[in-house]
Structure formats: C-alpha cells, structure tokens
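One structure below.
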Amino acid sequence: MLYEMRTYSVKVGKMAEVLKLYSEEGYPALEAGGHAVRLGGYMVSDTGPLHQLVHVWRFKDDAERRAHWKGVYADADFMAFAGKLRPLLDAQEVRLLSNAPFGPEL
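-1 is the number of the first residue of the sequence shown in the working numbering; add one for each residue after it.
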C-alpha cells in the first residue's frame, strides 16, 4: 500500500471556517464524486504544529494515486469548494508513505 498524508496549514483563526466548509461542501463533494472511498481519515492537530488539517489516503500504488487525484481535480463541485478553501490556507505539504515490513496496515 501507498499512503498519502496531506497536511494543510490553516491561517490562524480560520480553522472553524475551514472545518465548516469541508463539512458542508468539501467532504460531500468527495463522497458524491465517489472519491472518498480511498480516504483513511481527517484529523486536526492538537499538539506540535497547530492549525493543521491532516488527511490520509490509501492507494495500491502510485498509478492509482495519480488517477484518483486526476478524477478529483476534474470534479467541478470539488474544485468549486477548493477555490473557497485556498484563501484560508497558508501552506500544503504532501508526504508519500509505505508500510514498514512489520505491524498492521491502515
């Protein structure tokens, strides 16, 4: 498995707005478009670097990951949401991770 961890650094004071926007538009657009099937979860930072929204995605390989994001970026409803989200963010970090040879898979 290949895991993609996306971390959005939210402008200070804007997390409530980001969570409301994701709840009302972003996540519903992912579900309606069939894109949420590979989602491992959304989390909000509580310690360490604050004001971060983190989401983890599961893919069988990089080809599946690239096809997934191509589909998401072609989804008009999701992209309308993304246009509203971007001004609320300071930065985005994307990390690709693979399983260690021991322990459970997510």
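Just so it is clear, CB atoms sit at the ideal spot from N, CA and C, and this is done for glycine as well.
What are the boundary residues of the beta strand (DSSP E) that residue 93 is part of?
87 to 96
Take the Cβ of residue 62 as the centre, count every other Cβ of all protein chains shown within 10 Å, and call the residue buried at 16 or more, exposed below.
exposed
Option in 97, 25, 99, 92 with minimal Cα separation from residue 108
Because the chain spans -1 through 104 in this model, residue 108 falls outside it and cannot be assessed.
Does DSSP classify residue 103 as helix, strand or coil?
coil
Classify residue 31 as helix, strand or coil using the three-state DSSP reduction.
coil
In chain order, what are the residue ranges of uninterrupted alpha helix (DSSP H) at least 4 long that sit wholly in the region 34 to 86?
60 to 71, 74 to 83
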